[in-house]
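The opening position of the sequence shown corresponds to residue 23 in the working numbering, with each subsequent residue numbered one higher.
All remarks here apply to the structure that follows.
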Amino acid sequence: MSRELFKFKGGVHPPEHKAESNTRPVHAAPLPRKLVIPLRQHIGNPAKPVVDVGDHVKKGQMIAAADGNISVAVHASSSGIVTAIDLQPVPHISGLPDLCITIETDGRDEWIDHAPLDYQAMAPADLRMQLRDLGLAGLGGAVFPTGAKLDPGATKQCPTLIINGGECEPWITCDDVLMRHHADEILQGVAVMRHLMGSTEILVGIEDNKPEAIAAMRAAADRLDFAVEIVAVPTLYPSGGAKQMTEILTGKQVPSGKRSTDVGLQVFNVGTAYALARAVHHGEPLISRLVTVTGHVLRPQNVEALIGTPMHTLIMLAGDRDGTTGVLMGGPMMGMPMPDLEVPVVKATNCILVKSKELFPPLPHALPCIRCTRCADVCPAELQPQELFRFAKAGDFGRAQEYHLFDCIECGCCSYVCPSHIPLVDFYRYAKSEIWAHEKDKRAADLARERHEFRQFRLEREKKEKSEKLAAKAQAKRAELAAEPSASGAPDAEAKKALIAAALARAQAKKAGVAPKNVDHLPPDTQREIEEIEARRAKIRELAHQPLESEENK
Numbered sequence: 023m024s025r026e027l028f029k030f031k032g033g034v035h036p037p038e039h040k041a042e043s044n045t046r047p048v049h050a051a052p053l054p055r056k057l058v059i060p061l062r063q064h065i066g067n068p069a070k071p072v073v074d075v076g077d078h079v080k081k082g083q084m085i086a087a088a089d090g091n092i093s094v095a096v097h098a099s100s101s102g103i104v105t106a107i108d109l110q111p112v113p114h115i116s117g118l119p120d121l122c123i124t125i126e127t128d129g130r131d132e133w134i135d136h137a138p139l140d141y142q143a144m145a146p147a148d149l150r151m152q153l154r155d156l157g158l159a160g161l162g163g164a165v166f167p168t169g170a171k172l173d174p175g176a177t178k179q180c181p182t183l184i185i186n187g188g189e190c191e192p193w194i195t196c197d198d199v200l201m202r203h204h205a206d207e208i209l210q211g212v213a214v215m216r217h218l219m220g221s222t223e224i225l226v227g228i229e230d231n232k233p234e235a236i237a238a239m240r241a242a243a244d245r246l247d248f249a250v251e252i253v254a255v256p257t258l259y260p261s262g263g264a265k266q267m268t269e270i271l272t273g274k275q276v277p278s279g280k281r282s283t284d285v286g287l288q289v290f291n292v293g294t295a296y297a298l299a300r301a302v303h304h305g306e307p308l309i310s311r312l313v314t315v316t317g318h319v320l321r322p323q324n325v326e327a328l329i330g331t332p333m334h335t336l337i338m339l340a341g342d343r344d345g346t347t348g349v350l351m352g353g354p355m356m357g358m359p360m361p362d363l364e365v366p367v368v369k370a371t372n373c374i375l376v377k378s379k380e381l382f383p384p385l386p387h388a389l390p391c392i393r394c395t396r397c398a399d400v401c402p403a404e405l406q407p408q409e410l411f412r413f414a415k416a417g418d419f420g421r422a423q424e425y426h427l428f429d430c431i432e433c434g435c436c437s438y439v440c441p442s443h444i445p446l447v448d449f450y451r452y453a454k455s456e457i458w459a460h461e462k463d464k465r466a467a468d469l470a471r472e473r474h475e476f477r478q479f480r481l482e483r484e485k486k487e488k489s490e491k492l493a494a495k496a497q498a499k500r501a502e503l504a505a506e507p508s509a510s511g512a513p514d515a516e517a518k519k520a521l522i523a524a525a526l527a528r529a530q531a532k533k534a535g536v537a538p539k540n541v542d543h544l545p546p547d548t549q550r551e552i553e554e555i556e557a558r559r560a561k562i563r564e565l566a567h568q569p570l571e572s573e574e575n576k
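This is the structure:
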């Protein structure tokens, strides 16, 4: 009995261009002379370096540790010498450089000691931490830390586990080829997910334009001792989106602002399941991945590439051609242009798409929006793209959020059907980045205010504590004085009166003037001199008191 499937709203049918790369055998990319390994290859905090320039590292060795739960470690993709820890160009839509560790490879490709994990004997929390330290992140595009995503939460169980093999975007075939050649290992990873999530229903959704992959996965599922349902879903972009695949297979919609676990399910990419199997059954960290190299190249193909390999190395392997007009990481609908062909392969690199004028002619100049609503008709997230465009263009980001801007999955369906050739997704990305920047500034300002307020509170507290200590000390002194008798034996009040009387006497003496000095003990000559001085002073005082004569009497 076939499973009932549901349909999500919207979607488009762009040309697939799958056959160009999915018929060739998979090859391992050559070991590059230099590996540039970014520390931010996942959602969350970037990893922190644990090696120094000049260190010799082996393949699989941790070179940067995870920073918190929403983070993963980063490992050396081959053996060699760490030559730099600095900012380097990375594959990011902003084009900005980021912190990377550069390894000069030694050609030996020497592994560290590694061994399988007995995952069934490990506590789930310990296993998830081990997966974090092995660098596992989602390979379906979002690169969310796998260990954190494998936490079912307070319920301790996630009933439905969905493995996404849709791979709906044109040109990309890495998941298709992976399922054809490594179906058993993918389902080994699914067994680990089932163990951690406590899932009772396991569904694998694959678009029906991949018959070889469907057959390989069904054959592998028949060899398992638990039930896995392989479901062929209709080919429609973007059916490979997590929310869209969920709705197709179960009919459930994940509410805005909620997570899939809130409706009792979780979604993982087939590449993530394969990497999980390699980590658990072989102890291998995530240091390589399958990458589709296609487009304007001589030999479109899928290659197993080490993380940190320069993209131009893979393009040369596939056969560089004249007339290249640019390179996208990803497909034509959601891919991002690369600022430099020296940027490295990262965990999110599923495809390197080389462009040319013949394959990707330049778009005409954008015209004003004619309010045709075609964008709304094809939007799989059921948004109003024309309104989001208007708010983003006007800088009215608050209204854009009211219209659920962050529910946009940036699939590009709206831009694809727009008759005015407006790059709508670019405006949505701009609006999101501005909101994130504003939130970051707001958090920084809030933190500064909280620090200032805490400092003021601390100063007031210290001032109060100091005054309380002084008051206590004075009180203790008064108590001590009250306990001791006065030196004269009189009560304290009498002693105070005596002190006051003595002070008054000294003040009166000073006011009356200094008493004449006793000169009787001085020598006779000195006494005569003092007497003469006193006589002259008396004469001067007498003259000073006589009245002056007027001018007429002179």
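No residue lacks a Cβ here, since even glycine has one placed at the ideal position from N, Cα and C.
Since we're looking at a predicted model, the values are computed, not measured.
What is the DSSP secondary structure of residue i, reduced to helix, strand or coil?
i	result
S489	helix
G76	coil
R311	strand
T222	coil
E556	helix
W8	Nothing about residue 8 can be read from this structure; the chain reaches only from 23 to 576.
I228	strand
A578	There is simply no residue 578 to check, as the chain begins at 23 and stops at 576 in what is shown.
T335	helix
A159	strand
G33	coil
G175	coil
V536	Residue placement at V536 is flagged as unreliable, the pLDDT there being 49, under the threshold of 50; the coordinate-derived value follows with that caveat. If DSSP states are grouped into helix, strand and coil, V536 belongs with coil.
When DSSP builds the beta bridges, which residues end up paired with residue i?
i	result
P359	L350
T124	V58, A106
M84	H97
W458	Looking at the DSSP assignment, W458 forms no beta bridge with any residue, so it has no partner.
G317	V376
P366	P332
P167	A159
So residue i is in the beta strand (DSSP E); what residue range does that whole segment cover?
i	result
S378	373-378
Q210	Where Q210 is concerned, there is no enclosing beta strand (DSSP E), although the alpha helix (DSSP H) it sits in stretches over 205-219.
Q323	323-328
G187	182-187
Quick check on the DSSP output: the alpha helix (DSSP H) that includes residue i runs from which residue to which?
i	result
I65	Element bounds for I65: n/a, residue is neither H nor E.
M144	Run containing M144: none; DSSP gives neither H nor E here.
R240	233-244
A398	396-400
According to the neighbour-count rule (16 or more other Cβ atoms, all chains shown, within 10 Å of its Cβ), is residue i buried or exposed?
i	result
C440	buried
F479	exposed
P47	exposed
A297	buried
Q497	exposed
I522	exposed
I337	buried
C394	exposed
T222	exposed
K369	buried
H460	exposed
Less than 7 Å separating the Cβ of residue i from some heavy atom of the ligand HEM?
i	result
N324	With respect to small molecules bound, the structure shown includes none, and the ligand HEM cannot be examined in it.
Could I get the ranges of all uninterrupted alpha helix (DSSP H) runs contained in the stretch 249-297, with 4 residues as the minimum, in chain order? 264-272
Please go through the stretch 412-487 and give each complete alpha helix (DSSP H) segment of 4 or more residues, from N-terminal end onward. If only complete runs of 4 or more residues are kept, the stretch 412-487 shows the alpha helix (DSSP H) at 419-424, 435-439, in order along the chain.
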